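So the structure is just underneath, and the comments pick up after that.
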Amino acid sequence: MKVYADNAATTAVSPAVLQAMLPFFTEQYGNPSSVHGVGQEAAKALDAARAQLAALLHAEPKEIYFTSGGTEADNWAVRIALENGARKNKRHIVSTAFEHHAVLHALKKAEKDGAEVTLLDVHADGLVRLEEVAAAIRDDTALVTIMYANNEIGTLQPIPEIGRLCREKGVLFHTDAVQAMGHVPIDVAAQNIDMLSLTAHKFHGPKGVGALYCRAKIPIPIFIEGGAQERGKRGGTENVPGIVGMTAALAEACRNMDEDDRRVAGLRDKLIEAVAAIPHSRLNGDRERRLPGIANFVFEGIEGEGLLLLLDMAGICASSGSACTSGSLDPSHVLLAIGLPHEVAHGSLRLSLGAFNTEEEIDYIIKTLPPIVERLRSMSPVWERIRKGA
Ligand SMILES: *Cc1c(COP(=O)(O)O)cnc(C)c1O
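This is how it looks when you write it as C-alpha cells:
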C-alpha cells in the first residue's frame, strides 16, 4: 500500500483544478498585457481569478498581489513593513521563534539591514500568548508577523486576537497563512489582518504560485522591477494557468471545508489515539487548537531519519518536520522552540493528512508504525536506559 501523509510539504493537484488550468496552456495561452483578443481573453481570466480570490479572503481585488508562492509573499511582506517603518524611524519587528524559514531568514536579513527583531518564545503547547505579543510591541515597532498555523506541529495561533491588538496599537500585522488557508475560515477584514501570505500547492493547487494580500492604503514599494504587472509592483508576465488553478483550488477547499475538516480531523484523531499507546511517545502541541490534518510526534530513543526511511520502505510518505534533509543534523527549530530537549526532538515524525487520505490508509499507518518504532528502539544504544528510567 502507498500512503501519502506529507500534505504539509505539498499536496496533489485536485482533478477539477487540473481541468480548470488546462485551457490556459493550450487555447487561452495569451499574455494578459497583449492588446489582441487572445491576450484579452487571458486578461479577463486573470481579473476573474483576482476577484474570486479576493472574495474568498473577504478582501478587495486591488489588495491581491500574485507571487511565485509563499516564500516570496513572506519576503515581500517583511520588505513592505521595513520600508514603511523606515519612513517613520520604526525598525523593530515582533515575530516568533517557530516561524517558517521564509519569514525567519527574511528577518535575519532585515537585522543585517538595521532592523531589530524580537522573537517570542512559543510555549510547550505550541501557542503564542497574546499578552506576550502585547508586551513586546514598542513605539518603534514596524511589524508583527506571526504564522496562522505552524507547518510542523499544526497549532493554530490566536490570529483574530493578535489582529485586534495590532490594529489598536497601530502596528502592521502580517500572518503567514500558508498552512491554514483552505482549512480554517479566514476573513482578513474581520480578523484585522494587514498582510497575509498563501501558496496554492498546500491546498491542492499547483506549485510555484501564491499571493500576498496587502490592505489598501498601505504603501507598497516595487518588489520586482519590470513591467506594469501587479499594479506596477511586481514585473513579469503573470502565471495565468497557475493563478486560475490556485483560485479554483481555494474555492474548492473553502466549499468543502466543513466536511473535509470533520473527516480529516477524525482520521488524525484516530492516529493520535493509536500513537498514544506507544510507550515513551508524545504528541507535540496543543491537542485541541490545531489544524485538522497535522499531527507531530516524538518517540524517545530513536532518530527521525531512520523512522522515515523504514516508513518509506513500507510505502508511507511522512516527514520529520525538520530541516534534517538540508544536510544539517540540527533537530527542528520548531520543536526546540517549544522546549523539547535536543535528543528528544531528534525522534520526531510529522504525519500530515489531506482530503485525499482514506480510513484504510490510516489503518495501514496504525498497523505499520508501532513495529517500526520497536525495531528501531531494539537497535538503539540509549533505549534500554530510557526504558529503565521510567
Ligand atoms: C510551505 C510553506 C511556505 C513556503 O511556501 P512556498 O510556496 O513553498 O514558497 C511558507 N510558510 C509556510 C508556513 C509553509 O508551510
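Numbering (this note's numbering), first residue to last: -10 to 379. No residue lacks a Cβ here, since even glycine has one placed at the ideal position from N, Cα and C. Only a predicted model underlies this, so the values are computations on that prediction, with no experimental measurement involved.
Report whether the distance from the Cβ of residue i to the nearest heavy atom of ligand 3 is below 7 Å.
{"i": "N(-4)", "result": "Absent from the structure shown: ligand 3. Ligands present: ligand 1."}
Verify whether the separation of the beta carbon atoms of residue i and residue j is less than 8 Å.
{"i": "T134", "j": "L116", "result": "no"}
{"i": "H194", "j": "N228", "result": "Here the sequence assigns Gly to residue 194, which means His is not the residue at that position. No, Cβ-Cβ distance for G194 and N228 is not below 8 Å."}
{"i": "D275", "j": "D114", "result": "yes"}
{"i": "C203", "j": "E61", "result": "no"}
{"i": "I182", "j": "F212", "result": "no"}
{"i": "T(-1)", "j": "H172", "result": "no"}
{"i": "L342", "j": "L239", "result": "no"}
{"i": "L340", "j": "A307", "result": "yes"}
{"i": "R110", "j": "A86", "result": "The sequence as given places Asp at residue 110; Arg does not occur at that position. A contact, by the Cβ cut-off of 8 Å."}
{"i": "A123", "j": "A70", "result": "no"}
{"i": "S84", "j": "G199", "result": "no"}
{"i": "S321", "j": "E141", "result": "yes"}
{"i": "P383", "j": "Q180", "result": "Only positions -10 to 379 of the chain appear in this structure, which leaves residue 383 out of reach."}
{"i": "A38", "j": "T236", "result": "yes"}
{"i": "P281", "j": "A242", "result": "no"}
Do residue i and ligand 1 come close, with the Cβ less than 7 Å from some heavy atom?
{"i": "Q146", "result": "no"}
{"i": "A91", "result": "yes"}
{"i": "N228", "result": "no"}
{"i": "T60", "result": "yes"}
{"i": "L10", "result": "Before going on, a small fix: residue 10 reads as Met here, not Leu. It does not: the Cβ of M10 is nowhere closer than 7 Å to a heavy atom of ligand 1."}
{"i": "G152", "result": "no"}
{"i": "V160", "result": "no"}
{"i": "M83", "result": "Residue identity check: residue 83 is Val in the sequence provided, not Met. Because no heavy atom of ligand 1 lies under 7 Å away, the Cβ of V83 does not count as near it: no."}
{"i": "G199", "result": "yes"}
{"i": "K377", "result": "no"}
{"i": "K191", "result": "yes"}
{"i": "M136", "result": "yes"}
{"i": "N20", "result": "no"}
{"i": "D165", "result": "yes"}
{"i": "N140", "result": "yes"}
{"i": "S102", "result": "The residue asked about is misnamed: residue 102 is Asp in this sequence, not Ser. False, no ligand heavy atom lies under 7 Å from that Cβ."}
{"i": "T188", "result": "yes"}
{"i": "Q41", "result": "no"}
{"i": "D63", "result": "yes"}
{"i": "Q17", "result": "no"}
{"i": "Q428", "result": "The requested residue 428 does not occur in the structure, where the chain is confined to residues -10 to 379."}
Can you tell me the Cα-Cα spacing of residue i and residue j, whole angstroms?
{"i": "L298", "j": "L338", "result": "11 Å"}
{"i": "D247", "j": "L119", "result": "27 Å"}
{"i": "V323", "j": "A95", "result": "17 Å"}
{"i": "R244", "j": "I126", "result": "37 Å"}
{"i": "I283", "j": "N78", "result": "40 Å"}
{"i": "N20", "j": "V(-8)", "result": "39 Å"}
{"i": "N151", "j": "S367", "result": "Asn is not the amino acid found at residue 151; the sequence shown has Ile there. Taking the straight line from one Cα to the other gives about 46 Å."}
{"i": "I305", "j": "A1", "result": "15 Å"}
{"i": "L93", "j": "N64", "result": "10 Å"}
{"i": "R76", "j": "P4", "result": "47 Å"}
{"i": "R279", "j": "G28", "result": "44 Å"}
{"i": "M10", "j": "G234", "result": "5 Å"}
{"i": "T267", "j": "K158", "result": "Per the sequence shown, residue 267 should be read as Ile rather than Thr. One C-alpha to the other measures close to 47 Å."}
{"i": "E214", "j": "K222", "result": "7 Å"}
{"i": "E289", "j": "A217", "result": "55 Å"}
{"i": "C155", "j": "I291", "result": "42 Å"}
{"i": "G293", "j": "L300", "result": "10 Å"}
{"i": "L45", "j": "A178", "result": "11 Å"}
{"i": "D36", "j": "G225", "result": "16 Å"}
{"i": "F14", "j": "L7", "result": "11 Å"}
{"i": "L296", "j": "V67", "result": "36 Å"}
{"i": "E88", "j": "P210", "result": "24 Å"}
{"i": "P147", "j": "S309", "result": "25 Å"}
{"i": "L365", "j": "E121", "result": "40 Å"}
{"i": "I82", "j": "R252", "result": "38 Å"}
{"i": "P12", "j": "N346", "result": "28 Å"}
{"i": "E49", "j": "P230", "result": "21 Å"}
{"i": "I355", "j": "V264", "result": "8 Å"}
{"i": "D129", "j": "Q17", "result": "49 Å"}
Just verifying my parser: in three-state terms, what is the DSSP assignment at residue i?
{"i": "T357", "result": "helix"}
{"i": "L256", "result": "helix"}
{"i": "R278", "result": "coil"}
{"i": "R127", "result": "coil"}
{"i": "L342", "result": "coil"}
{"i": "S384", "result": "With the chain running from -10 to 379 in the structure shown, residue 384 is simply not present."}
{"i": "L117", "result": "Looking at the sequence shown, residue 117 is not Leu but Val. Three-state DSSP puts V117 in coil, outside helix and strand."}
{"i": "E105", "result": "strand"}
{"i": "F55", "result": "strand"}
{"i": "F192", "result": "coil"}
{"i": "F286", "result": "strand"}
{"i": "R244", "result": "helix"}
{"i": "H81", "result": "strand"}
{"i": "L161", "result": "strand"}
{"i": "G197", "result": "coil"}
{"i": "D110", "result": "coil"}
{"i": "L329", "result": "coil"}
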